[in-house]
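Note sheet for the following structure.
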Amino acid sequence: MDLRLTETQEMFKKVAADFVRAEAPAHLMTQWYRTKETFRPELYRKAAALGWLGMLLPEQYGGAETSLTDCAVVFEELGRGPVPGPFFSAGVLGAQIVFLGGSDEQKKSLLPAICKGESIPIPAITDQAAGWGPEAVETTLTGSAGGFILDGSKRFVFDAEAATGFIVAARTESGEIALVLVDRASAGLSIKPLVGFMVSAAEVTFEKVRVPGSSVITAGSGWQVLSGALEKSLPMLCAYQVGACQEIFGFTAEYTRGRVVFGQPIGRFQRVQDHCVDLSVHLDAARYATYEALWRLDSGLPATAAVHEAKAVASEGYREVCNYAHMVFAGPGTDYGHPLMAHSVLAHTLYQYLGTPSHHKHSMMDLLYPISPKHALR
Amino acid sequence: MDFSLQADPPGIGAFRKEVRGWLQENMRGSEGLRWSATWSTRENEEEYRFRRHLAGRLGRKGWLFPMFPAEYGGAGLTIHHQTVLETELAEYGLGLNHVFYTIARIVAPVILKWGSEEQKREFLPPMVRGEISVWQVLTEPQGGSDVANCQTRAIRDGDHYVVSGQKVMVGHHKPPDFLWTLVCTDPSRPRHENLGWLHIPANLPGITIQPMYMMMGLKNSVFFDGVRVPVKYLVGGENNGWRVANTHLELEHGGEGRVGVDPLIERVVEYCQKTKIAGGPLMEDERVRDTIADMMIELNTLRRFNQRNYWHRFTRDPHPYGGAQQRYFQRMMRLRNGERLQRIMGCDALVQDLSVHEVVDFEYAVRTGPGQLHGGGTLDTDRLIFARRLGLGRPTKEQAPETI
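Those protein sequence lines, which keep their order, are chains A and B.
With our numbering applied, the first sequence corresponds to residues 1 to 378, in that order.
With our numbering applied, the second sequence corresponds to residues 379 to 782, in that order.
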């Protein structure tokens, strides 16, 4: 047992923290999230130069092949911004899908470009608003290796705007799930940002989009590839949410010291303290669930249930942390010019992204205690 | 981060082998006895005797307090050795903290920190060897969570303190050898500067113990009626009791840390797999599964908080707020779990099952849900301390007292 970060991790953490302070200070974050201009190509290129995209990939593809925990430490700092951009969606999840499921050709052409920030393949998975399982994949892929037609609409695509291309989950004629690479410029592809209490998400429609056979990442076992990629990737998203929670805790605790009403700092009021206390519980619950899952993955222990658990706890935690912070900041915290608002909008978005806490709890239970087939239909 | 409890660092593997072999040998004869990681009013005489003997045998090897200095009866080992002992004992459903019926796990470190050299040499070895039972005796009828409002008087009279007063809601069903007691040594001095801490032999004349029947089980009132306690039993010096109390309370209030899992969830799952409803096991009911998932995740969160606190305590790097956080979370979780059990298993959650230990009895979990919120200070004091440690509304964070 050793619950400290390693020296290397402390170094990663410091570099990432300095980057966030310099490139993504709170006032800029507030502005970007308010105007929903969340993809900043120049920022993404700078991060690529630091080697943060494809950190998990082998060196032969331009990565650094770090441990998952090393990478998570960087994502925790990015979450403090919360620095927007396809760092996770393309740099981790997209890269992992290609790495785990792609042909040699695809890996050679795509992965180095992902690491340089030149290729940004964004996963487009679910066709349903309320579902992230295989049953929610409805977009169809018809035709043959000579040429496919992709038809359907992806309901919730995070970071769609940043995409140079999409990794689309689609049903083949035999009913299986395939993953296909689709160029953003393809005829018949359209992106419609989702407007409301969410950010960086869009609906992406594929209307009879032609896809060459060479763009299929893997036919037949697409869902397994996706599941494998998610297992390694989700903890980065969790760490990002942990960092966000830590940042909110910091500025909320600070506010309880400086904000004076009824003649004393509000942190002297026990009801206000209670909000912060609950906030802190959610923050640390998310932190240790995340780092335990990372440890399991890095040690080669069975980790699937732990990853589902971490996603459930971190997404629930981020949302709760925002809610408790709202209780402390009251009216001013609901101004789109307040730093809390960027988090609040993002927390609700990430609560949905790649499955709600409820979805992941179900997945965890189904894995630990499978339902026998004869009862599954009840 | 490495959360592993089983993968031993270099040099520790041999110790694990030694402990495993030793336990195989020394647990012989325990087959058929029921164990629990905590003390239990449901143990029979034979089980209790075996537990005490085991404590003595572990204690003589220094293994009850493996990190304690050898000169006071410990084994002078590292956190990794201790983790080995904890995990190997867990194989038998036991844990170091509760091998025997005593609060020594908290008292001994406090004496190590605050006792004089003479006191350490006299008081610690029997405790560390697992030979004696100590009760902590803090709460008073009028004080409750306001521990510093201590009315039990200990007035100096030559070589003795004369102790008079009443303590409530202390101890358990097995008699103590010592009473670890907060007293007021000088009523004329200001609050917090008027206290002392006495390690009182329980057989002194003038001490009466009366049982109290409570929601949580059996507790006791202790009456002191002019009890003459030799001065050598004052730990931490004259009027220094509040500082001693802070060390004690930090350990009692979650800072103690632990490794290991709560066995309750396993039994819940077993119950749900066995129980059939509408032709299928309860375990396959969606609502039951949702409830169990929430229970399981919260128990895991608690396990991780415990492990974090364990790591910080035994690497001598006190966590600023970990104790209060653990305790607040644990208590609220147990309250929620009581309700969840009722939701899962209906009235079976309210029916006592004396064939199993408290830790896995559903009725005990439901009944003590609202009761366990207060033991050792209310939930509200937890949150007060938590808030101070977080530095809410104050320029500096209150520091965690040093523990050992």
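The beta-carbon is built from N, C-alpha and C at its ideal position, and this holds for glycine as well.
Based on DSSP bridge pairs, tell me the residues matched to B:Q514.
In the second sequence, residue 514 of chain B corresponds to position 136, counting from 1. Its beta-bridge partners are B:W558.
If you measure from the beta carbon of A:S299 to each beta carbon in chain B, is any gap under 8 angstroms?
Working through the first sequence from its first residue, we reach residue 299 of chain A at position 299. Closer than 8 angstroms to some Cβ of chain B, the Cβ of A:S299 qualifies, so yes.
Can you tell me whether A:H360 is buried or exposed, with buried defined as 16 or more other CB within 10 angstroms of its CB?
Here the question's residue 360 of chain A lines up with position 360 in the first sequence. Buried, since its Cβ has 16 or more Cβ neighbours within 10 Å.
Which residues in the same chain as B:L432 place their Cβ atom closer than 7 angstroms to its Cβ, once the five residues preceding and following it in sequence are excluded?
Within the second sequence, residue 432 of chain B is the residue found at index 54, counting from 1. Counting only Cβ-Cβ distances below 7 angstroms, and skipping sequence neighbours, we find N404, V477.
Between A:A229 and A:L93, which are expected to be in contact by the criterion C-beta below 8 angstroms, what is the C-beta distance as a whole number of angstroms?
As a first step, residue 229 of chain A is located in the first sequence; it is residue number 229 there, counting from the start. As a first step, residue 93 of chain A is located in the first sequence; it is residue number 93 there, counting from the start. About 6 angstroms separates the two Cβ atoms, so the contact holds.
Alpha carbon to alpha carbon, how far is B:L768 from A:V260? Give it in angstroms, no decimals.
Translated into the one-based positions of the first sequence, residue 260 of chain A becomes position 260. Translated into the one-based positions of the second sequence, residue 768 of chain B becomes position 390. Spanning the two alpha carbons is a distance of roughly 18 angstroms.
If you compare alpha carbons, which of A:L294, A:L56, A:T356 is closest to A:I97?
Looking up residue 97 of chain A in the first sequence gives position 97. Answer by Cα proximity: A:L56.
Short of 8 angstroms Cβ to Cβ, which residues in the region 280-292 of chain A face chain B?
The residues in question are S280, V281, D284, A285, Y288, A289, Y291, E292.
Looking only at its chain, what residues have a beta carbon closer than 8 angstroms to the beta carbon of B:P428, apart from the 5 residues adjacent to it on each side?
Position 50 of the second sequence, counted from the first residue, corresponds to residue 428 of chain B. Looking at the sequence shown, residue 428 of chain B is not Pro but Phe. If we look at B:F428 and ignore the five residues flanking it on each side, its Cβ neighbours are G407, S408, L411.
Please return the same chain residues whose Cβ sits closer than 8 angstroms to the Cβ of A:K13, not counting the five positions on each side in sequence.
Your numbering for residue 13 of chain A matches position 13 in the first sequence. L5, V73, V74, E76, E77, listed in sequence order.
Excluding the 5 residues preceding and the 5 following B:P773 in the sequence, name in chain order all residues of the same chain whose CB lies nearer than 7 angstroms to its CB.
Locating residue 773 of chain B in the second sequence gives position 395, counting from the first residue. Cβ neighbours of B:P773 beyond the five flanking positions: none.
Note the first and the last residue of the continuous alpha helix (DSSP H) segment covering B:N684.
By 1-based counting over the second sequence, the position of residue 684 of chain B is 306. Element bounds for B:N684: 664-692.
I need the straight-line Cα distance from A:L377 to A:I371, nearest angstrom please.
What you label residue 377 of chain A is simply residue 377 of the first sequence in a count that begins at 1. What you label residue 371 of chain A is simply residue 371 of the first sequence in a count that begins at 1. Residue confidence is low: A:L377 scores 48 on pLDDT, short of 50, so the model does not pin down where it sits. Its coordinate-derived value is still stated next. C-alpha separation (whole angstroms): 10 angstroms.
For a contact defined as C-beta to C-beta under 7 angstroms, what are the partners of B:E644 on chain A?
Counting from 1 along the second sequence, the entry for residue 644 of chain B is found at position 266. Under the 7 angstroms cutoff, chain A gives no residues; its nearest Cβ is about 12 angstroms from B:E644.
Is there a Cβ of chain B sitting closer than 8 angstroms to that of A:G267, yes or no?
On the first sequence, residue 267 of chain A is found 267 positions in, with the first residue counted as 1. Answer yes: the Cβ-Cβ gap between A:G267 and chain B drops below 8 angstroms somewhere.
How would you call B:F443, buried or exposed, if buried means at least 16 neighbouring beta carbons within 10 angstroms?
For the purposes of this step, residue 443 of chain B is taken as the residue at position 65 of the second sequence. By the neighbour-count rule (16 or more Cβ atoms within 10 Å), B:F443 is buried.
Of all the beta strand (DSSP E) runs that stay within the bounds of the region 563-651 of chain B, which reach a length of 3 or more residues?
Counting whole runs of 3 or more residues, the region 563-651 of chain B contains the beta strand (DSSP E) stretches 573-579, 585-592, 595-608.
Residues in the same chain with beta-carbon distance under 6 angstroms from B:H458, minus the five sequence neighbours each way, listed in chain order, please.
Here residue 458 of chain B refers to the residue found at position 80 of the second sequence. Closer than 6 angstroms at Cβ, skipping near neighbours: P387, I390.
In chain order, what residues of the region 240-257 of chain A put their CB closer than 8 angstroms to some CB of chain B?
Of all residues in the region 240-257 of chain A, A253, T256, R257 have a Cβ within less than 8 angstroms of some Cβ in chain B.
Could you tell me whether the region 577-594 of chain B touches the region 651-661 of chain B, using the rule of 3 or more Cβ pairs below 8 angstroms?
Contact fails: fewer than three Cβ-Cβ distances are below 8 angstroms.
Among the candidates A:R34, A:E231, A:K107, whose CA atom is the shortest distance from the CA of A:W295?
The residue you call residue 295 of chain A lines up with position 295 of the first sequence. Nearest option by C-alpha distance: A:E231.
Would you verify that the beta carbon of B:D380 is, or is not, closer than 8 angstroms to some beta carbon of chain A?
For this step, residue 380 of chain B is matched to residue 2 along the second sequence. Yes, B:D380 lies at the interface with chain A (some Cβ there is under 8 angstroms from its Cβ).
Report the residue from A:F262, A:L367, A:A312 whose alpha carbon sits nearest the alpha carbon of A:A285.
Stepping through the first sequence from its first residue, residue 285 of chain A is reached at position 285. Out of A:F262, A:L367, A:A312, A:A312 has the C-alpha closest to the C-alpha of A:A285.
Measuring straight from C-alpha to C-alpha, what distance separates A:D278 and B:E662?
Counted from its first residue, the first sequence places residue 278 of chain A at position 278. Counted from its first residue, the second sequence places residue 662 of chain B at position 284. Answer to the nearest angstrom: the Cα atoms are 32 angstroms apart.
From the DSSP output, in three-state form, read off A:L377 for me.
On the first sequence, residue 377 of chain A is found 377 positions in, with the first residue counted as 1. With a pLDDT of 48 at A:L377, under the threshold of 50, the predicted position of this residue should be treated as unreliable, and no value is reported.
Do the region 519-526 of chain B and the region 474-490 of chain B touch if we need at least three Cβ pairs shorter than 8 angstroms?
Verdict: no, contact absent.
Would you mind giving the Cβ-Cβ distance between B:F601 and B:V541, rounded to the nearest angstrom? I have them listed as a contact below 8 angstroms.
Mapped onto the second sequence, residue 601 of chain B falls at position 223. Mapped onto the second sequence, residue 541 of chain B falls at position 163. Actually they are not in contact, since the Cβ atoms of B:F601 and B:V541 sit about 10 angstroms apart, beyond 8 angstroms.
Do A:Y324 and A:A347 have their beta-carbon atoms positioned less than 8 angstroms apart in this structure?
One-based indexing of the first sequence puts residue 347 of chain A at position 347. One-based indexing of the first sequence puts residue 324 of chain A at position 324. No, they are not a contact pair.
Could you give the residue range of the beta strand (DSSP E) that holds B:H538?
The residue labelled residue 538 of chain B in the question sits at position 160 within the second sequence. B:H538 -> beta strand (DSSP E) spans 538-548.
Are the region 127-134 of chain A and the region 77-91 of chain A in contact at 8 angstroms, needing three or more beta carbon pairs?
Output reads no: the region 77-91 of chain A does not touch the region 127-134 of chain A.
One question on the structure: do B:V609 and B:D537 come within less than 8 angstroms of each other, judged by their Cβ atoms?
Looking up residue 609 of chain B in the second sequence gives position 231. Looking up residue 537 of chain B in the second sequence gives position 159. Yes, the Cβ-Cβ distance between B:V609 and B:D537 is below 8 angstroms.
The beta strand (DSSP E) that contains B:R745, what's its start and end?
Reading the second sequence from its first residue, position 367 is the one you call residue 745 of chain B. Unbroken run through B:R745 is the alpha helix (DSSP H), 740-749; no beta strand (DSSP E).
Closer than 8 angstroms, CB to CB, is B:D668 near chain A or not?
Your numbering for residue 668 of chain B matches position 290 in the second sequence. By this cut-off, B:D668 is an interface position.
By alpha-carbon positions, which one of B:Y479, B:R499, B:H697 ends up nearest to B:E509?
The count along the second sequence starts at 1 and reaches residue 509 of chain B at position 131. Comparing Cα-Cα distances from B:E509 to each of B:Y479, B:R499, B:H697, the minimum goes to B:Y479.
Three or more C-beta pairs closer than 8 angstroms, one from the region 182-192 of chain A and one from the region 203-212 of chain A: is that the case here?
Taking 8 angstroms as the limit for Cβ pairs, the verdict is that the region 203-212 of chain A does touch the region 182-192 of chain A.
Assuming A:A201 is part of the beta strand (DSSP E), what are its boundary residues?
For this step, residue 201 of chain A is matched to residue 201 along the first sequence. Per DSSP, A:A201 belongs to the beta strand (DSSP E) from 201-211.
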